[in-house]
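In the working numbering, the protein residues as written are 11 to 87.
This is the structure:
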């Protein structure tokens, strides 16, 4: 199924790729249009990659928040 291209927020894109998730569906989007990804193996990999990217983003946020906390004095460790 092909649809005309529509403006999409960058935050919807998966790691600067042409893959975009809308609801439970994955779409591959280019400047000339988009196509629904229907292969369950492919979409499963996209799901796993998206979950891994989200976990990595959370880990970076956690690391940055730890950097904002001054270290405890040695005698309190």
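Cβ coordinates follow ideal geometry from the N, Cα and C atoms, glycine included. Here the structure is a predicted model, which means the values were calculated and not measured.
Rounded C-alpha distance that separates residue i from residue j
i, j, result
"residue 33", "residue 83", "48 Å"
"residue 53", "residue 36", "7 Å"
"residue 29", "residue 85", "51 Å"
"residue 57", "residue 23", "13 Å"
"residue 42", "residue 78", "45 Å"
"residue 72", "residue 48", "35 Å"
"residue 64", "residue 25", "10 Å"
"residue 68", "residue 59", "14 Å"
"residue 74", "residue 55", "29 Å"
Reduced DSSP secondary structure (H/G/I, E/B, other) of residue i
i, result
"residue 44", "strand"
"residue 38", "strand"
"residue 21", "The pLDDT assigned to residue 21 is 40, lower than 50, so where the model puts this residue is not dependable; a value taken from the coordinates is nonetheless given after this. Helix at residue 21."
"residue 68", "helix"
Option in the options with minimal Cα separation from residue i
i, options, result
"residue 31", "41, 42, 46, 40", "46"
"residue 39", "27, 48, 49, 50", "27"
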